[in-house]
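Colleague: Before we start, here is the structure in question, set down as structure tokens.
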Amino acid sequence: GGRKTILQGDLPLIAESARLMLEQLRAVYEMLQAKEDAGKLRRAILAAEEAEARTKEAGAKTSIRQDIADHVQLLEGLEAHELLKTAVESKLIPRIKAALDNALALGLEGELVAQAQEMIGRVDGASVAGAFQGWQRGGRRGGRSWLNNPQFKITCTAEVPTTLTVVLSEASSNVAPLGVFALDAAINETVAIEGVKQLLPNSKSLGGSEYDESMSEITLEGVLPEMFPVYLVPSCFNTEAEGGFTVTVMSQTHGVNFECVPVVRLEDEMEGVMADTSAGDAHKLLAIRELIAKTELLGLQNKVTDSARKFWASLEGERGLIKLIQQVESQREFTEEHEDPLIIGKLSAAIANVKQTSQKDGGAEAQDFAGNVTKATRLLQQLEAEAAMREAAATRALEALEYAIGSGRDV
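Heads up, the sequence shown is in UniProt numbering, so the first residue is 1 and it goes up one at a time.
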């Protein structure tokens, strides 16, 4: 065939074909030589792909496409092995799990894969789904409604390295781009809001991420305390964004308890306390006072908080009136005349205050309240009558004294 081509004067074409074939053979040789080194193999594959492209352009029929495909598969295996090795050395469970899944998908086997599988087997993991939606779009850390964000409570049976990961759902595309998404972990015995330093300085924060518009996954790594609850609060900077997410806890112990904490707004909690008919006034007074303190801390003010303040003033006023009634009744016989105006003034002011602040408009509580006001009013009337009698007696005595002095008697 070559002799025929030469006779036809195509010697340059034969030479070019031979050169291209030689270039391909060299590319295959380079790939074979670099099969243990991922970096060199990647460069060799790129060179082989260029040689294959030039061969096609020249119209030659030789091909090394299968050799390239085989070495690409080899490269993927090398890179997966290196990735798994790095993940195992880091001892970070989410990284190990992701790298192991990739390695198994490529069919990798061996000692490193077995080691990774053993490490994953020693880990206790749990996942809970959550969402930013409705009023639970609490917004950025430190904001007035931050406590409305979803909250999760975690407890461990031992102090061990633990990884907390929050991943936005794929469907939550309207969260991530706007997103500025963050995660906080805090210790507190009551509720998660009190575990963030920006809100209450005396609390202990275990850490948190910065807000990042491009972030769709956040991981916090650390050691969680033994048998002490940690509250996890994912938040989105934009309070208008909605979307779902998954929270995953991975710990090197089979003793992780992970649950979603029902989030109750302060306003809802206030309304619940005010509507509770089973609790006594003393309990209500304390509960409402604590809730009011929290709303003041956060700067919340609306119809519910205003109503709670009035409710607290009503309870405080009535309790003050009852206490004053008891005090007056127990000390009446020891009361000096000059104390009459002071006691009468206090009782009168207390009655006026409870009438003005009372929010009881029906039921047994309203009857008790009316009874206390009636009792206080009668006591006030008695005190005023007694004070008037003493004042009249004093006036008569003074007139008698003046008469005696004027008549020159020995007085």
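Don't be surprised by glycine CBs; every beta carbon is placed ideally from N, CA and C.
According to DSSP, is residue 39 part of a helix, a strand, or is it coil?
Modeller: As a working note, residue 39 is residue 39 in the sequence shown. In the three-state reduction of the DSSP assignment, residue 39 falls in the helix class.
Colleague: Tell me which residues share the same chain as residue 132 and place their Cβ nearer than 7 Å to its Cβ, disregarding the 5 neighbours each side in the sequence.
Modeller: Residue 132 sits at position 132 when you count from the first residue of the sequence shown. Counting only Cβ-Cβ distances below 7 Å, and skipping sequence neighbours, we find 175, 236, 241, 242 and 243.
Colleague: Given a threshold of 16 other Cβ atoms within 10 Å of its Cβ, counted over all protein chains shown, does residue 137 qualify as buried or as exposed?
Modeller: Along the sequence shown, read from residue 1 onward, the residue named residue 137 stands at position 137. Flag for residue 137 reads buried.
Colleague: Measure the C-alpha to C-alpha separation of residue 402 and residue 388 and round it to an integer number of angstroms.
Modeller: Translated into positions along the sequence shown, residue 402 becomes position 402. Translated into positions along the sequence shown, residue 388 becomes position 388. Distance between the alpha carbons of residue 402 and residue 388: 21 Å.
Colleague: How many Å lie between residue 31 and residue 150 at the Cα?
Modeller: As a working mapping, residue 31 is identified with position 31 in the sequence shown. As a working mapping, residue 150 is identified with position 150 in the sequence shown. For residue 31 and residue 150, the distance between alpha carbons rounds to 53 Å.
Colleague: If contact is defined by three or more beta carbon pairs under 8 Å, each pair taking one atom from either stretch, is the segment 75-91 in contact with the segment 52-62?
Modeller: Too few Cβ pairs lie closer than 8 Å, so no.
Colleague: Hey, could you find the ends of the alpha helix (DSSP H) residue 85 is sitting in?
Modeller: As a first step, residue 85 is located in the sequence shown; it is residue number 85 there, counting from the start. Per DSSP, residue 85 belongs to the alpha helix (DSSP H) from 65-90.
Colleague: How would you label residue 96, buried or exposed, when you count the other beta carbons within 10 angstroms and need 16 or more for buried?
Modeller: Here residue 96 refers to the residue found at position 96 when the sequence shown is read from its first residue. Residue 96 comes out buried.
Colleague: Relative to the C-alpha of residue 66, which residue among 407, 81 and 45 is closest?
Modeller: By one-based count along the sequence shown, residue 66 stands at place 66. Closest by alpha carbon: 45.
Colleague: Measuring only the C-alpha atoms, how far is residue 37 from residue 80?
Modeller: Here residue 37 is taken as the residue at index 37 of the sequence shown, counted from 1. Here residue 80 is taken as the residue at index 80 of the sequence shown, counted from 1. For residue 37 and residue 80, the distance between alpha carbons rounds to 13 Å.
Colleague: Rank 58, 233, 209 and 115 by C-alpha distance to the C-alpha of residue 130 and give the top, closest one.
Modeller: On the sequence shown, residue 130 is found 130 positions in, with the first residue counted as 1. Considering only alpha carbons, the answer is 233.
Colleague: Report the three-state DSSP secondary structure of residue 131 (helix, strand or coil).
Modeller: Taking the first residue of the sequence shown as position 1, residue 131 is located at position 131. Of the three classes helix, strand and coil, the one that applies to residue 131 here is strand, per DSSP.
Colleague: Excluding sequence positions up to five away, which residues of its chain have a Cβ less than 7 Å from the Cβ of residue 16?
Modeller: Position 16 of the sequence shown, counting from 1, holds the residue named residue 16. Excluding positions up to five away in sequence, the list reads 58.
Colleague: Taking 9 Å as the cut-off, decide whether the C-beta atoms of residue 114 and residue 84 are in contact.
Modeller: Residue mapping note: residue 114 aligns to position 114 of the sequence shown, counting from 1. Residue mapping note: residue 84 aligns to position 84 of the sequence shown, counting from 1. Not in contact: residue 114 and residue 84 (Cβ atoms no closer than 9 Å).
Colleague: Figure out for me which residue from 246, 87 and 230 has the closest Cα to the Cα of residue 217.
Modeller: As a first step, residue 217 is located in the sequence shown; it is residue number 217 there, counting from the start. Out of 246, 87 and 230, the CA that lies nearest to the CA of residue 217 is found in 246.
Colleague: Does the beta-carbon distance from residue 412 to residue 87 come in below 9 Å?
Modeller: The question about residue 412 has no answer, for the chain in this structure spans 1 to 411.
Colleague: Excluding five sequence neighbours on each side, which residues of the same chain lie with their C-beta closer than 7 Å to the C-beta of residue 34?
Modeller: Looking up residue 34 in the sequence shown gives position 34. Residues 40, 41 and 44 of the same chain have their beta carbon placed closer than 7 Å to that of residue 34, with the five preceding and five following residues left out of the count.
Colleague: Counting only the same chain and skipping the five closest in sequence on each side, list residues whose C-beta sits under 6 Å from that of residue 140.
Modeller: As a first step, residue 140 is located in the sequence shown; it is residue number 140 there, counting from the start. 237.
Colleague: In whole angstroms, what is the alpha-carbon distance linking residue 117 and residue 239?
Modeller: Counting from one through the sequence shown, the residue named residue 117 turns up at place 117. Counting from one through the sequence shown, the residue named residue 239 turns up at place 239. If I take the Cα positions, the gap works out to 41 Å.
Colleague: Considering only their Cβ atoms, is the gap separating residue 249 from residue 157 smaller than 9 Å?
Modeller: Here residue 157 refers to the residue found at position 157 of the sequence shown. Here residue 249 refers to the residue found at position 249 of the sequence shown. One thing to note: residue 157 has its Cβ no nearer than 9 Å to the Cβ of residue 249.
Colleague: Where residue 47 and residue 27 are concerned, what is the direct C-alpha to C-alpha distance, given to the nearest angstrom?
Modeller: Walking along the sequence shown from the start, residue 47 turns up at place 47. Walking along the sequence shown from the start, residue 27 turns up at place 27. Each residue's alpha carbon lies about 7 Å from the other.
Colleague: Tell me the rounded alpha-carbon separation between residue 112 and residue 19.
Modeller: On the sequence shown, position 112 is the one that residue 112 refers to. On the sequence shown, position 19 is the one that residue 19 refers to. Using only the alpha carbons, I get a separation of about 43 Å.
Colleague: Relative to the C-alpha of residue 62, which candidate in 155, 14, 306 and 292 has its C-alpha closest?
Modeller: Against the sequence shown, residue 62 aligns to sequence position 62. The residue with the shortest Cα to Cα distance from residue 62 is 14.
Colleague: So who's on the other strand from residue 247, going by DSSP bridges?
Modeller: Locating residue 247 in the sequence shown gives position 247, where the first residue counts as 1. The partner list for residue 247 (beta bridge, DSSP) reads 128 and 166.
Colleague: Rounded to whole angstroms, what is the Cα-Cα separation between residue 384 and residue 291?
Modeller: If you number the sequence shown from 1, residue 384 lands on position 384. If you number the sequence shown from 1, residue 291 lands on position 291. Cα to Cα, residue 384 sits roughly 40 Å from residue 291.
Colleague: Go ahead and pull the three-state DSSP assignment for residue 190.
Modeller: As a working note, residue 190 is residue 190 in the sequence shown. Low confidence applies to residue 190: its pLDDT is 45, below 50, so where it sits in the model is not reliable enough to give any reading.
Colleague: In whole angstroms, what separates the C-alpha of residue 231 from that of residue 154?
Modeller: For the purposes of this step, residue 231 is taken as the residue at position 231 of the sequence shown. For the purposes of this step, residue 154 is taken as the residue at position 154 of the sequence shown. Rounded to the nearest angstrom, the two C-alpha atoms are 6 Å apart.
Colleague: Please classify residue 192 as buried or exposed, where buried requires at least 16 neighbouring CB atoms within 10 angstroms.
Modeller: The sequence position of residue 192 within the sequence shown is 192, counting from 1. Low confidence applies to residue 192: its pLDDT is 41, below 50, so where it sits in the model is not reliable enough to give any reading.
Colleague: When the Cα of residue 128 is compared with those of 22, 221 and 166, which residue comes out closest?
Modeller: On the sequence shown, position 128 is the one that residue 128 refers to. Nearest of 22, 221 and 166 to residue 128, Cα basis: 166.
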